[in-house]
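Reading through the structure tokens given below for one structure.
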Amino acid sequence: MDHFHYRDHVLHCEDVPVSELARAYGTPLYVYSEATLVHHLQRIQTAFADVQPLICYSVKTNGNLGICKVMCKHGSGFDVTSAGELYRATLAGSPGRKIVFAGVGKTDAELERALLAGVYLFNVESEEELHALGAVAKRLGVVARAALRVNPDLPPKTHAKTDTSVKGVKFGLDIETVLDVAKGVVSNPSLQVRGLHMHLGSPILSVEPYRQGLARAEVLIPALRAQGHPLDILNMGGGFGINYRKNEARTAQEFADVIVPAVKKLGCSLVLEPGRFIAGNAGILVSRVIYGKESGGKKFVIQDAAMNDLIRPTLYDSFHRIWPVAPASHMPAPPEDFESEIPGTEAVDVVGPVCESGDFLAKNRRLPPLTRGDLLATFSAGAYGMSMASNYNSRPRAAEVIVSGGTHRLVRRRETLEDLVSCERDLG
Ligand SMILES: *Cc1c(COP(=O)(O)O)cnc(C)c1O
Numbered sequence: 001m002d003h004f005h006y007r008d009h010v011l012h013c014e015d016v017p018v019s020e021l022a023r024a025y026g027t028p029l030y031v032y033s034e035a036t037l038v039h040h041l042q043r044i045q046t047a048f049a050d051v052q053p054l055i056c057y058s059v060k061t062n063g064n065l066g067i068c069k070v071m072c073k074h075g076s077g078f079d080v081t082s083a084g085e086l087y088r089a090t091l092a093g094s095p096g097r098k099i100v101f102a103g104v105g106k107t108d109a110e111l112e113r114a115l116l117a118g119v120y121l122f123n124v125e126s127e128e129e130l131h132a133l134g135a136v137a138k139r140l141g142v143v144a145r146a147a148l149r150v151n152p153d154l155p156p157k158t159h160a161k162t163d164t165s166v167k168g169v170k171f172g173l174d175i176e177t178v179l180d181v182a183k184g185v186v187s188n189p190s191l192q193v194r195g196l197h198m199h200l201g202s203p204i205l206s207v208e209p210y211r212q213g214l215a216r217a218e219v220l221i222p223a224l225r226a227q228g229h230p231l232d233i234l235n236m237g238g239g240f241g242i243n244y245r246k247n248e249a250r251t252a253q254e255f256a257d258v259i260v261p262a263v264k265k266l267g268c269s270l271v272l273e274p275g276r277f278i279a280g281n282a283g284i285l286v287s288r289v290i291y292g293k294e295s296g297g298k299k300f301v302i303q304d305a306a307m308n309d310l311i312r313p314t315l316y317d318s319f320h321r322i323w324p325v326a327p328a329s330h331m332p333a334p335p336e337d338f339e340s341e342i343p344g345t346e347a348v349d350v351v352g353p354v355c356e357s358g359d360f361l362a363k364n365r366r367l368p369p370l371t372r373g374d375l376l377a378t379f380s381a382g383a384y385g386m387s388m389a390s391n392y393n394s395r396p397r398a399a400e401v402i403v404s405g406g407t408h409r410l411v412r413r414r415e416t417l418e419d420l421v422s423c424e425r426d427l428g
């Protein structure tokens, strides 16, 4: 469910025509729907209400302060992976007790900053990190709450670059080593091993990996308790997939039906770290066609959004639905999968201006005929879109706007040419 729909042949975000936003803010432009963000958060809050989870929105998914503030206002905590993300969560108004900190390479400086901020839980990914956390906590005279991140070694479940729970990835502790590592800190007064953490990968379109991960937890948690650890938190990470095409995603309720009974049985409190599920379908990327051309027997639509704005197609071969913001009135409605052949469409590659053959948003995609100046919407771009954007080819990053009902607010201005060089020192 989202709040992007065509009304009188013009794409609207909630009650605002997207063409009006493009006019007001220019392109490329990220447009987010506040109602959609809140709806998705509430789907999880409702589905898991029985165990009153701490839901920690994953800041790396889309860390715009406007979005973080919406999350904070509606009761979410935050999952952070760096001092920068901790800074964002704090600026958005989150107390430390609703923040969890993951990542394989937390520096001493980051651990210190997070301890001073009162972060609720450190998702620890290696034995060395666990000891470093204890040492920093000791120096500060505080006690750190740790969850051991386990790699449960499950069968592959998503793109190799985003699967985090198969053998041989850098994440978490090998499942065979968790108990040994935990044993080494049983009597460390600066550390409490309070939790078990797993983030299985992303996006996950089946409940099965969670079922398998929970089976591992049901063995490990009693064993950790038997060592003397006060283990009372299960953190199941994020990973809930979304519909990039049709109806491939599972609902929050389907995930809850698997996770909630296990949490109750284990007598733990639950932490979840959803990102994509909340932000993915709450955002689109709006771009404008610059040129059309034919080359090598193919048609290209060259528009002003590029891999530096949305790298997912390049990096993960991801599919994003694309359709004109204002299709001609005689065009039939877009096909349900935005890909099947319908009359009046032609196959094109949708590419950007960046100097790489890998710079594309879609390949061999059937779209209505497009001409210079037409606006395009690339859907499901709210997650891992702007947060992975760069200045490659010295392209200023896009603006971001949040729509709420009939109103809209700019939450990040478009970068300028001066911004591009503002950190550089050799200005002559
Ligand atoms: C990226 C990440 C998430 C969020 O994943 P989604 O698939 O966007 O829900 C949660 N937890 C950790 C540790 C992550 O690295």
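First residue of the sequence shown: 1, per the working numbering; consecutive thereafter.
A virtual CB, placed ideally from N, CA and C, is assigned to each residue, including glycine.
On the premise that residue j lies in contact with residue i, defined as a C-beta separation below 8 Å, what is that separation, rounded to the nearest angstrom?
i	j	result
Gly-275	Ala-383	6 Å
Ile-44	Ile-55	6 Å
Gly-118	Gly-96	3 Å
Leu-148	Leu-173	6 Å
Leu-361	His-320	6 Å
His-229	Val-207	Their Cβ separation, rounded to whole angstroms, is 28 Å, which puts His-229 and Val-207 out of contact at 8 Å.
Glu-34	Ser-340	About 32 Å; that fails the 8 Å criterion.
Ala-305	Ser-287	4 Å
Ala-256	Phe-48	5 Å
Arg-414	Ala-399	4 Å
Gln-212	Leu-154	5 Å
Thr-158	Ser-202	6 Å
Val-16	Gly-406	6 Å
Assuming residue i is part of the beta strand (DSSP E), what are its boundary residues?
i	result
Lys-298	298–303
Arg-113	First-last for Arg-113: 108–116, but that is the alpha helix (DSSP H), not the beta strand (DSSP E).
Ile-99	99–101
Ala-144	144–151
Ala-279	Segment 276–279 is the alpha helix (DSSP H) holding Ala-279; no beta strand (DSSP E) there.
His-3	Run containing His-3: none; DSSP gives neither H nor E here.
Ser-58	54–58
Tyr-291	283–295
Pro-324	322–324
Lys-363	360–367
Give the range of the alpha helix (DSSP H) segment to which residue i is assigned.
i	result
Ala-225	According to the sequence displayed, residue 225 carries Arg and not Ala. Start and end: 208–226.
His-39	34–47
His-131	127–140
Ala-256	252–266
Cys-68	65–73
Thr-345	Neither: Thr-345 is in no alpha helix (DSSP H) and is coded neither H nor E.
Glu-176	Counting along the chain, Glu-176 falls outside any alpha helix (DSSP H), and DSSP gives it neither H nor E.
Ser-390	Here Ser-390 belongs to no alpha helix (DSSP H), and DSSP marks it neither H nor E.
Glu-85	83–91
Tyr-316	312–316
Leu-231	It is not in any alpha helix (DSSP H) - Leu-231 carries neither H nor E in the DSSP assignment.
Glu-400	Counting along the chain, Glu-400 falls outside any alpha helix (DSSP H), though it belongs to the beta strand (DSSP E) covering 399–404.
Ala-24	18–25
Asp-419	417–421
Cutting at 8 Å between CB atoms, please list the residues of its own chain near residue i, excluding the five before and the five after it.
i	result
Ala-223	Leu-179
Ile-221	Leu-196, Leu-231, Leu-234, Leu-266 and Cys-268
Cys-355	Asn-393
Cys-423	none
Tyr-25	Ala-399, Val-401, Leu-410 and Arg-414
Gln-227	Leu-179, Ala-182, Lys-183 and Val-186
Sorted by chain position, which residues of the same chain lie with C-beta nearer than 7 Å to residue i's C-beta, five sequence neighbours on each side aside?
i	result
Met-331	Gly-344 and Pro-368
Asp-108	Ala-132 and Val-136
Ile-278	Leu-37, His-40, Leu-41 and Tyr-57
Val-263	Val-51, Leu-234 and Leu-270
Glu-85	Val-59, Lys-60 and Gly-63
Pro-53	Leu-270, Val-271 and Leu-272
Val-89	Rather than Val, the amino acid found at residue 89 in this sequence is Ala. So the list reads Val-59, Cys-68, Phe-78, Val-80 and Ile-99, once near-sequence residues are dropped.
Ala-249	Leu-205, Gly-241, Ile-242 and Asn-243
Counting contacts by CB-CB distance shorter than 9 Å, is residue i in contact with chain D?
i	result
Met-331	Of the chains in the structure shown, none is chain D; there is only one protein chain.
Leaving aside the five residues before and after residue i along the sequence, list all residues of the same chain whose C-beta is less than 6 Å from its C-beta, in chain order.
i	result
Arg-395	Asn-308
Pro-166	The amino acid at residue 166 is misidentified as Pro; the sequence shows Val. Taken in chain order, the residues that qualify are Pro-156.
Leu-140	Leu-115
Val-325	Leu-11, Val-18, Ser-19, Leu-375 and Ala-377
Phe-432	The displayed coordinates of the chain run from 1 to 428. Any statement about residue 432 would go beyond what the structure contains.
Arg-145	Leu-121, Gln-192 and Arg-194
Thr-27	Val-286, Ser-287, Arg-288 and Asp-304
Phe-300	Lys-293, Asp-349 and Val-351
Lys-98	Gly-77
Leu-370	Val-289 and Val-301
Arg-366	Glu-341, Thr-345 and Ala-347
Lys-170	Val-104
Q | Residues whose Cβ lies closer than 7 Å to any heavy atom of ligand 1, in chain order | A | Any residue whose Cβ sits closer than 7 Å to a heavy atom of ligand 1 makes the list: Ser-58, Lys-60, Thr-61, Asp-79, Thr-81, Ala-102, Asn-123, Thr-164, His-199, Ser-202, Pro-203, Gly-237, Gly-238, Gly-239, Phe-240, Glu-273, Pro-274, Gly-275, Arg-276, Phe-277 and Ala-383.
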